[in-house]
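Q: Take a look at this one; I'll ask things after.
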Amino acid sequence: MKVNFINFSDPKDNKCFLITGGELILKQEVVEIILVKLKSAGFNEKVSISQDELERMQEIASRNMGGSLFQENLILHIKHTSGKFPEKIKLFLEDAEIFNSPNIALIVESSIEKTPASGTWIKNFDANGLIINCSKLKIMEEKIWLKRQLNFLPKDLLPIFGSSIFQNNEANLMGQKNEVSLLKLLFLNQEKMSEAKTDHIIFGSGISAFELEDLLLNRDFKKALKTINFMKEHDRQNSAPIIWIIAKVINSCLESLKSSNKKSALINSGVWSSKINLYLNLIKEATAKEFLSLNEEILKVDLINKGLMRAETWEQIERVILKLQDATSLQN
């Protein structure tokens, strides 16, 4: 059975997979999904075979095909990275027995863009496994892929971040994935990101993304503006993550102010439990009307950053921070 990447979501009961195409990010994603599924089916051991080690295929398969004393289930992961599809792999796949072995799962990654229309090996795979095409996505498919990556975002923020990421990284899935990873660190609940490493998210000023969020939450607007001014001078191209962090703070505060249960709203917005009280203290004297205005302002800054409105991005970022300072003043 053949399927394009965009239509692939569940390996189902298959345990033999041929993954073709040149989009490495998509192929990695497919392999991760397959490995999770196979692990749940009891396939815990994996042997990887590179293009230079193809002579090992038959030996490993023969040794495990009939089962062993301890009945281990083995994943055989074969990687073909360049050139024509190797004859050694073709010969290996022409033996239908490999597809019928109950204790061997097969993943064949290949750089070929298209599979042949005929041949015993491809007929065997088509009949007994799943062939997944991971070629370059069309523009609409790429947008669908990105939207799926951003499914953790609040619905009202999806258009902001989705369009910004796509515009800055069209046809660059690696760039899109990197920016999505940053957003996950900013928006997912602490419990879901307990093992995430965040030290690498450092701006030119030397502070991390989370430290900038903390400056805003602790009303240290002087240092926040100092950071913005430093980046304006030394790292002007890195404005998007700054806008996202400010948008995250504003949106979380707005949702909390609109809710009868402020704490619950913050949790639902992805605020980490360790920061709940900081958010509640920040909005102690604030109003939903003020934060609705701030939300509109940060939307404008995002449009400016994309070149869709005329104004200077960094000046507008400073303006929003000053407005946030006024909205959260304890003298309100």
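Residue numbers for the sequence shown follow the working numbering, so the first one is 807 and each next one is one higher.
Cβ coordinates follow ideal geometry from the N, Cα and C atoms, glycine included.
How is the alpha helix (DSSP H) around alanine 923 delimited, first residue to last?
A: Note, alanine 923: premise wrong, no alpha helix (DSSP H); not H, not E.
Q: How far does the alpha helix (DSSP H) with asparagine 1083 in it extend, from its first residue to its last?
A: Run containing asparagine 1083: 1082-1088, per the alpha helix (DSSP H) assignment.
Q: Per DSSP, asparagine 850 forms a beta bridge with which residues?
A: Note: asparagine 850 sits in no beta bridge, so no partner.
Q: State the DSSP-derived secondary structure class of glutamate 985, mapped to helix, strand or coil.
A: Note: glutamate 985 maps to helix in three-state DSSP.
Q: Between leucine 1130 and leucine 1098, is the Cβ-Cβ spacing less than 8 Å?
A: It is not a contact, given that the beta carbons lie outside the stated cut-off.
Q: Express the C-alpha separation of threonine 921 and isoleucine 966 in angstroms, rounding to a whole number.
A: Their Cα atoms are separated by approximately 39 Å.
Q: Answer with buried or exposed for aspartate 1041, where buried requires no fewer than 16 other C-beta atoms within 10 angstroms of its C-beta.
A: Under this definition aspartate 1041 is an exposed residue.
Q: Rank Val914, Leu899, Ser969, Phe1016 by C-alpha distance to the C-alpha of lysine 990 and give the top, closest one.
A: Ranking the options by Cα distance to lysine 990, first place goes to Phe1016.
Q: Between which two residues does the alpha helix (DSSP H) carrying isoleucine 918 extend?
A: No alpha helix (DSSP H) holds isoleucine 918; DSSP gives it neither H nor E.
Q: Could you tell me if aspartate 962 is buried or exposed, where buried requires 16 or more neighbouring beta carbons within 10 angstroms of its beta carbon?
A: So aspartate 962 counts as exposed.
Q: Per DSSP, phenylalanine 823 forms a beta bridge with which residues?
A: Answer is Ile913, Leu936, bridged to phenylalanine 823.
Q: Does the Cβ-Cβ distance between alanine 867 and isoleucine 904 come in under 8 Å?
A: Cβ atoms of alanine 867 and isoleucine 904: closer than 8 Å.
Q: Starting from the C-beta of isoleucine 1089, find all residues in its chain whose C-beta is less than 8 Å away, skip the five residues before and the five after it, and write them out in chain order.
A: Once the five neighbours on either side are set aside, the close Cβ partners of isoleucine 1089 are Cys1059, Ser1062, Leu1063, Lys1068, Phe1097, Thr1134.
Q: Using 8 Å for Cβ pairs, my map puts alanine 1030 next to leucine 1021. What's the rounded Cβ distance?
A: Contact flag correct, Cβ pair sits at about 4 Å.
Q: From serine 969 to glutamate 861, what distance separates their C-alpha atoms?
A: The alpha-carbon atoms of serine 969 and glutamate 861 are separated by roughly 47 Å.
Q: Going by DSSP in three states, asparagine 810 sits in which element: helix, strand or coil?
A: If DSSP states are grouped into helix, strand and coil, asparagine 810 belongs with the strands.
Q: Using DSSP with H/G/I as helix, E/B as strand and the rest coil, what is leucine 1114?
A: Residue state, collapsed to three classes: coil.
Q: According to DSSP, simplified to helix, strand and coil, what is lysine 885?
A: Three-state DSSP puts lysine 885 in a strand.
Q: Excluding five sequence neighbours on each side, which residues of the same chain lie with their C-beta closer than 8 Å to the C-beta of isoleucine 812?
A: Answer for isoleucine 812: Leu943, Glu947, Ile950, Trp951, listed in chain order.
Q: Could you check if threonine 1093 is buried or exposed, using at least 16 other CB atoms within 10 Å of its CB as the buried criterion?
A: It counts as exposed.
Q: If you draw a straight line from the C-alpha of asparagine 1035 to the C-alpha of glycine 1113, how long is it?
A: C-alpha separation (whole angstroms): 20 Å.
Q: Give the secondary structure of leucine 832 by DSSP, where H, G and I count as helix, E and B as strand, and everything else as coil.
A: Of the three classes helix, strand and coil, the one that applies to leucine 832 here is helix, per DSSP.
Q: How many whole angstroms separate the CB atoms of serine 916 and isoleucine 825, which I take to be in contact at a CB cut-off of 8 Å?
A: Indeed they touch by this definition, with Cβ atoms about 7 Å apart.
Q: Quick check on leucine 1018: does DSSP put it in helix, strand or coil?
A: Three-state DSSP puts leucine 1018 in a helix.
Q: As a quick exercise: from Asn975, Ala1046, Lys896, pick the residue whose alpha carbon is nearest that of histidine 886.
A: Nearest of Asn975, Ala1046, Lys896 to histidine 886, Cα basis: Lys896.
Q: Apply the 10 Å Cβ neighbour rule to threonine 1188 and answer buried if 16 or more other Cβ atoms are within range, or exposed otherwise.
A: Residue numbering for the chain in the displayed model covers 807 to 1138; residue 1188 lies beyond these limits and cannot be assessed.
Q: What do you reckon, are the CB atoms on glutamate 851 and asparagine 879 nearer than 8 Å?
A: Cβ atoms of glutamate 851 and asparagine 879: closer than 8 Å.
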